[in-house]
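In my numbering, the protein residues as written are 229 to 527.
Inspection log for the structure reproduced underneath, given as structure tokens.
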């Protein structure tokens with residue numbers, strides 16, 4: 229369950245610039261849970277400002293959302309409140325109701341409604357407008373290889389809503405939620421921690437019935453490039469993939485390289501490749517190797 233942060237006994241109200249100035253100061257270190265939690269009074273003070281978000285949205289519309297087009301890597305559900313600053317991201321997220329036109333036209337998938345998932349980063353969130361999305365909350369210890377089908381010890385905690393003024397701190401690869409649409413359009417404000425290795429941090433979708441990881445939801449662009457290069461039959465790419473299998477610091481890339489090499493093999497060579505994976509220091513490769521060998525034995 230995300231950490232509930234109760235309001236302090238004050239009624240401070242700040243504007244967006246004041247929050248950004250504080251986040252840019254030495255007082256803010258989102259590299260750990262307590263450092264991110266230290267931003268709670270400032271985010272809550274911005275949440276009490278009932279005009280800033282509408283004013284911000286109007287200003288964006290007057291420029292045809294030029295700022296969002298240039299710096300926003302998210303979907304239309306998210307409005308960046310400032311371009312990413314390296315150590316954090318500041319944004320507003322919109323949560324339509326099930327009966328709202330956008331959900332009826334697109335379905336719930338773009339909003340990850342009814343999809344149990346965790347996050348690859350810590351973030352602080354507060355309900356800003358509306359009744360807030362609901363969540364079925366689960367917890368796990370995050371000590372997983374991260375492979376599809378891997379059994380995970382999930383623990384159901386509760387269902388609750390991110391109502392206006394409620395603040396939660398989500399912990400990376402520990403807190404899982406399956407969101408349900410709010411009763412009416414809702415908005416949350418988020419401060420996301422952004423680590424130097426953020427591009428390699430994993431986010432997972434879970435099967436809560438089977439208590440397994442259903443899939444990894446994040447793929448680094450470097451993984452796709454390696455698969456493309458190896459798939460084109462480049463000898464240099466095979467050499468690079470073999471080096472990545474042995475030495476790349478990100479386990480996800482080691483698994484990608486191992487898979488890419490195996491795709492080009494057949495017969496005895498492929499079986500030997502799978503058997504070699506069982507001796508790998510990579511948890512992801514070992515998991516994939518065991519699954520592949522098990523399928524051979526069963527088949």
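From the three backbone atoms N, C-alpha and C, an ideal C-beta is built for every residue, glycine too.
**Q.** Three-state class that DSSP yields for residue 487 in the structure shown
**A.** helix
Q) Would residue 251 be called buried (16 or more neighbouring beta carbons within 10 Å of its own) or exposed? A) buried
Q | residue 343 versus 401, 380, 406, residue with shortest Cα-Cα distance | A | Out of 401, 380, 406, 406 has the C-alpha closest to the C-alpha of residue 343.
Q | Residues of its chain near residue 364, where Cβ-Cβ distance is below 6 Å and the 5 sequence neighbours each way are ignored | A | 387, 406
Q: Taking residue 423 and residue 314 to be in contact with their CB atoms under 8 Å, please state how far apart those CB atoms are, rounded to whole angstroms.
A: Actually they do not touch by this definition, with Cβ atoms about 10 Å apart.
**Q.** Cβ neighbour criterion (16 or more within 10 Å) applied to residue 239
**A.** exposed
Q: Can you give me the Cβ contacts of residue 402 inside the same chain, cut-off strictly under 6 Å, excluding the 5 residues immediately before and after it?
A: 370
Q.
Tell me which residues share the same chain as residue 349 and place their Cβ nearer than 6 Å to its Cβ, disregarding the 5 neighbours each side in the sequence.
A. Excluding positions up to five away in sequence, the list reads 400, 420, 421.
Q. Who pairs with residue 350 in a beta bridge, going by DSSP?
A. According to DSSP, residue 350 bridges with nothing at all.
Q | Own chain residues within Cβ distance below 8 Å of residue 589, not counting five before or after | A | A question about residue 589 goes unanswered here, because the residues of the chain that appear run from 229 up to 527.
Q: Go through its chain and collect everything with a Cβ distance to residue 338's Cβ below 8 Å, but skip five positions before and after it.
A: Excluding its 5 nearest sequence neighbours in each direction, residue 338 has C-beta neighbours in its own chain below 8 Å: 303, 305, listed in chain order.
Q) Since residue 318 sits in a beta bridge, which residues does DSSP pair it with? A) Listed as beta-bridge partners of residue 318 by DSSP are 419.
Q.
On a Cα-Cα basis, can you pick out the residue from 432, 325, 367, 385 that is closest to residue 560?
A. Since the first residue of the chain shown is 229 and the last is 527, residue 560 is not available in this structure.
Q: Compute the Euclidean distance between the alpha carbons of residue 411 and residue 234, then round it to the nearest angstrom.
A: 24 Å
Q: Name the residue from 283, 487, 448 whose alpha carbon lies nearest to the alpha carbon of residue 517.
A: Checked all of 283, 487, 448; the closest Cα to residue 517 is 487.
Q) Applying the criterion that 16 or more other CB atoms from any shown protein chain within 10 Å of the CB defines a buried residue, is residue 409 buried or exposed? A) buried
**Q.** Top-ranked residue by Cα proximity to residue 416, from 458, 307, 521, 443
**A.** 307
Q. Rounded to a whole number of angstroms, what is the C-alpha to C-alpha distance between residue 491 and residue 438?
A. 29 Å
**Q.** Which listed residue (336, 331, 384, 353) has its alpha carbon closest to that of residue 267
**A.** With distances taken between Cα atoms, residue 267 lies closest to 353.
Q.
Between 254, 231, 278, which has its C-alpha nearest residue 243's C-alpha?
A. Ranking the options by Cα distance to residue 243, first place goes to 278.
Q) Where in the segment 430 to 454 do unbroken runs of the beta strand (DSSP E), each at least 3 residues long, occur, reported from the N-terminal end onward? A) Taken in chain order, the complete beta strand (DSSP E) segments of 3 or more residues contained in the segment 430 to 454 are 432 to 435, 440 to 444.
Q | DSSP-derived helix/strand/coil call for residue 404 | A | Judged by DSSP in its simplified three-state form, residue 404 adopts strand.
Q) Considering only C-alpha positions, which residue in the set 458, 508, 514, 522 is nearest to residue 493? A) 458
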